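No gaps in the numbering here: position 103 of the sequence shown is 103 in full-length UniProt numbering, and each next residue is one more.
Virtual Cβ for every residue (Gly too), placed ideally from N, Cα, C.
Fair warning: this is a prediction, and the values are worked out from it, not measured in the lab.
To start, the structure under review is shown below, and the notes come after it.
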Amino acid sequence: METRPPLDALQQTALDQVLAAHAGQAGALLPILHALQDRLGFVPPAALPPIARALNLSRAEVHGVVSFYHHFRTAPPRGRVLQICRAEACRAMGAEALWAHAQTAVEAQGCDTLEPAYCLGLCAQSPAGMLGERLHARLTPARLDALLAQEQP
């Protein structure tokens, strides 16, 4: 049996509030997961069994959704979250080279989290990325470096 750290008081309160806000809502799993990640920055693995119970689902069903979608994290992100679009329009405009550059930049910094995104809605202005909650279009390695240096936490 897998052991996971229990929810701390902040996480438990956030989970209780999110579950209460979505009680009785049909198809509430994704809204619950999004709300929990919005509040905590991730979906704690220890939250999956209570979510499953609240929705009358199996833990496997909830885990399957969390693990299927790239958007959900099961551990807190390190520092700022940088997302680089990896969808087709951005790939056609150089997102793969931008991704490789971002990996090196974030690794060298050691204080941020790099994640793929699969469409940020800026297809006509690709390649696109998102640093924290801010979208950035027509990114180049040089522009990305400037953003990372300028927007230090």
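Secondary structure remark: continuous beta strand (DSSP E) runs of at least 3 residues inside the stretch 112-138, in chain order: 113-117, 129-131, 134-136. The beta carbons of residue 123 and residue 89 sit closer together than 8 Å.
DSSP, read as helix, strand or coil, puts residue 103 in helix. Remark: C-beta atoms of residue 57 and residue 29 approach each other more closely than 8 Å. In this structure, residue 59 places its C-beta atom within 8 Å of the C-beta atom of residue 49. According to DSSP, residue pairing for residue 81 in a beta bridge involves 113. Residue 42 is a Cβ neighbour of residue 73, given a cutoff of 8 Å.
Here the C-alpha atom of residue 115 lies approximately 30 Å from the C-alpha atom of residue 25. Residue 40 holds the alpha-carbon nearest to the alpha-carbon of residue 13 among 40, 149, 5, 140. Judged by DSSP in its simplified three-state form, residue 7 adopts coil rather than helix or strand. Residue 43: not part of any alpha helix (DSSP H); DSSP gives it neither H nor E.
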